[in-house]
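Chemist: Chain order of the listed sequences is A and B.
Note that this note's numbering gives residue 72 to position 72 of the first sequence, counting from 1, and the numbers run on in steps of one.
Note that this note's numbering gives residue 321 to position 106 of the second sequence, counting from 1, and the numbers run on in steps of one.
Beta carbons: idealized from backbone N, C-alpha and C, even for Gly.
Protein chains: 2
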Amino acid sequence: MPNNINNNISKNLVPEPALRRMPCYLAFLKLAKGEGLKYVSSTQIARNMDIDPTQVTKDLSYTKIIGKTRVGYEVDSLIDVLETFLRFNTMDCGYLFGAGSLGTALLLDHGLAQFGFSIEAAFDVNPDKVGLNIGGTKIYHVDDFERVKKPNVRIGIITVPMEQAQATADLMVEGGIDAIWNFTAVRIKASNNVVVQNTPLYAHLAVIFNRLHSK
Amino acid sequence: MPNNINNNISKNLVPEPALRRMPCYLAFLKLAKGEGLKYVSSTQIARNMDIDPTQVTKDLSYTKIIGKTRVGYEVDSLIDVLETFLRFNTMDCGYLFGAGSLGTALLLDHGLAQFGFSIEAAFDVNPDKVGLNIGGTKIYHVDDFERVKKPNVRIGIITVPMEQAQATADLMVEGGIDAIWNFTAVRIKASNNVVVQNTPLYAHLAVIFNRLHSK
Numbered sequence: 001m002p003n004n005i006n007n008n009i010s011k012n013l014v015p016e017p018a019l020r021r022m023p024c025y026l027a028f029l030k031l032a033k034g035e036g037l038k039y040v041s042s043t044q045i046a047r048n049m050d051i052d053p054t055q056v057t058k059d060l061s062y063t064k065i066i067g068k069t070r071v072g073y074e075v076d077s078l079i080d081v082l083e084t085f086l087r088f089n090t091m092d093c094g095y096l097f098g099a100g101s102l103g104t105a106l107l108l109d110h111g112l113a114q115f116g117f118s119i120e121a122a123f124d125v126n127p128d129k130v131g132l133n134i135g136g137t138k139i140y141h142v143d144d145f146e147r148v149k150k151p152n153v154r155i156g157i158i159t160v161p162m163e164q165a166q167a168t169a170d171l172m173v174e175g176g177i178d179a180i181w182n183f184t185a186v187r188i189k190a191s192n193n194v195v196v197q198n199t200p201l202y203a204h205l206a207v208i209f210n211r212l213h214s215k
Numbered sequence: 216m217p218n219n220i221n222n223n224i225s226k227n228l229v230p231e232p233a234l235r236r237m238p239c240y241l242a243f244l245k246l247a248k249g250e251g252l253k254y255v256s257s258t259q260i261a262r263n264m265d266i267d268p269t270q271v272t273k274d275l276s277y278t279k280i281i282g283k284t285r286v287g288y289e290v291d292s293l294i295d296v297l298e299t300f301l302r303f304n305t306m307d308c309g310y311l312f313g314a315g316s317l318g319t320a321l322l323l324d325h326g327l328a329q330f331g332f333s334i335e336a337a338f339d340v341n342p343d344k345v346g347l348n349i350g351g352t353k354i355y356h357v358d359d360f361e362r363v364k365k366p367n368v369r370i371g372i373i374t375v376p377m378e379q380a381q382a383t384a385d386l387m388v389e390g391g392i393d394a395i396w397n398f399t400a401v402r403i404k405a406s407n408n409v410v411v412q413n414t415p416l417y418a419h420l421a422v423i424f425n426r427l428h429s430k
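#1: Beta carbons nearer than 7 Å to chain B: which residues of the segment 71-90 of chain A have them?
#2: Considering only residues of the same chain and omitting the five flanking positions on each side of residue 360 of chain B, which have a CB-CB separation below 6 Å?
#3: Short check: CB of residue 274 of chain B to CB of residue 237 of chain B, under 9 Å?
#4: Give me the Cα-Cα distance between residue 240 of chain B and residue 260 of chain B, rounded to the nearest whole angstrom.
#5: How about residue 101 of chain A: is its C-beta nearer than 9 Å to some C-beta of chain B?
#6: Under 9 Å, do residue 254 of chain B and residue 286 of chain B count as touching if we go by C-beta distance?
#7: Considering only the alpha carbon of each residue, which of B:430, B:418 and B:428 lies closest to residue 16 of chain A?
#8: Flag residue 412 of chain B as yes if its beta-carbon sits less than 9 Å from any beta-carbon of chain A, otherwise no.
#9: Three-state secondary structure (DSSP) at residue 240 of chain B?
#10: Determine, using beta carbons only, whether residue 86 of chain A and residue 421 of chain B come nearer to each other than 9 Å.
#11: Considering residue 412 of chain B, what are the terminal residues of the beta strand (DSSP E) in which it resides?
#12: Would you say residue 272 of chain B reaches chain A, if we count a Cβ-Cβ gap shorter than 9 Å as a contact?
#13: For residue 148 of chain A, which residues of its own chain have a beta-carbon under 7 Å away from its beta-carbon, when the five flanking residues on both sides are left out?
#14: Please determine, among A:157, A:92, A:125 and A:75, the residue with the shortest C-alpha to C-alpha distance to residue 35 of chain A.
#15: Closer than 7 Å by beta-carbon distance: list the chain A residues that pair up with residue 342 of chain B, in chain order.
#16: Among the residues of its own chain, which have a CB less than 8 Å from the CB of residue 114 of chain A, if the five just before and after it don't count?
#17: Do we get a CB-CB distance below 9 Å when we pair residue 202 of chain A with the residues of chain B?
#18: Do you know how far the Cα of residue 429 of chain B is from the Cα of residue 9 of chain A?
#19: Taking Cβ to Cβ, would you say residue 377 of chain B is nearer than 9 Å to residue 400 of chain B?
#20: Could one say the Cβ of residue 66 of chain A lies closer than 9 Å to chain B's Cβ atoms, at least one of them?
#21: Taking the alpha-carbon positions, what's the residue 408 of chain B to residue 125 of chain A distance?
#22: For residue 371 of chain B, which of B:413, B:311 and B:245 has the nearest alpha-carbon?
Here it is in structure tokens:
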């Protein structure tokens with residue numbers, strides 16, 4: 001095992017590509033379980049993902065699970081270990097900023113709860129939105145953020161118009177949010193201790209359109 | 216200019232990372248326009264994105280726009296060129312498979328229309344969903360796909376439960392869909408001439424959770 005892996009484990013800094021692959025491993029394992037499989041090997045997982053088996057072994061080593069020679073990983077155990085490692089079976093709360101079209105859509109999508117995420121409250125500036133309850137989540141005015149904010153809520157979703165994206169991020173960070181899930185196309189600036197993840201729907205569309213029309 | 220760029224231009228194969236960055240450039244340009252800027256340089260764009268200016272110049276060369284020495288790119292022209300290049304100002308249609316929680320959310324999000332994408336029809340197997348109209352889109356039974364399908368609709372969104380993801384992809388491809396936008400955690404298998412883009416919300420959550428709790 002190369003040294004940097006040991007360093008990463010001790011610092012808890014699992015590389016981002018590994019973290020991104022793990023939910024796919026989990027999906028594969030759940031499908032395998034549904035088909036009655038008791039054990040899967042890293043080779044089987046790797047073949048499904050079209051990657052190298054050593055990559056799978058390396059990724060799974062962060063969870064500290066150890067496969068058995070010849071038989072591989074026990075499916076039930078590996079599902080448990082991955083769900084715990086990825087924190088999909090404990091609930092983290094977040095706030096949503098911008099209850100427009102995409103924001104409303106996310107408020108109505110309760111699928112994220114299966115991955116351990118729930119939206120505690122939402123904020124908007126539109127008087128027609130403030131006071132509403134969308135999918136069980138109350139919409140407050142942005143000015144009420146400081147008053148409403150609870151210390152256990154550390155994640156903030158940005159679905160505001162792009163003109164407001166950076167100012168919203170600043171407001172969130174000032175209010176104690178230290179992880180930003182950004183759905184806008186704007187590059188969010190924040191200090192290094194703030195986690196920023198971008199989910200650029202339009203970037204994926206750009207690739208689809210280009211490849212489709214390049215045929 | 217290295218040779219491979221010329222080759223990519225002639226084959227229309229713009230690298231995926233470049234395509235993914237372009238919508239961010241576009242967002243930056245629109246914000247710059249809103250602030251009254253007439254020209255921006257590749258250095259300004261690069262500074263905003265935290266990347267190298269030569270990367271910006273290289274990416275923008277795919278659109279064939281040429282910046283002016285010292286002043287840079289004209290903001291209005293570059294917005295037009297990028298929107299046309301990314302096909303955000305012409306409408307592409309798609310079908311959605313799986314009108315559950317996330318599927319319904321996407322049907323209600325009309326924001327994608329701003330990026331040149333609209334959902335023409337949706338398909339589900341749930342008798343409670345079939346026949347409904349969600350956000351202006353009719354829900355059909357999956358068995359009606361062959362009958363309903365129009366040849367100009369080439370994009371299919373997958374928001375079905377993961378157990379049905381691969382079978383749904385197979386059905387779509389058999390019906391003539393040649394670009395799949397997959398929102399499940401399942402690795403979709405399709406022949407090389409089918410475009411597959413994954414938007415793994417849970418993968419982004421996994422990174423947020425890990426980084427947040429590693430602090």
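Modeler: Straight from the coordinates:
#1: 86 and 87
#2: 338 and 390
#3: yes
#4: 7 Å
#5: yes
#6: yes
#7: B:418
#8: yes
#9: helix
#10: yes
#11: 410-413
#12: no
#13: 121 and 140
#14: A:75
#15: Simply none; closest approach about 21 Å.
#16: 88
#17: yes
#18: Any answer about residue 9 of chain A is weak, because its pLDDT of 44 lies below 50 and its placement is not dependable; what the coordinates show is given next. Their Cα atoms are separated by approximately 11 Å.
#19: yes
#20: no
#21: 45 Å
#22: B:311
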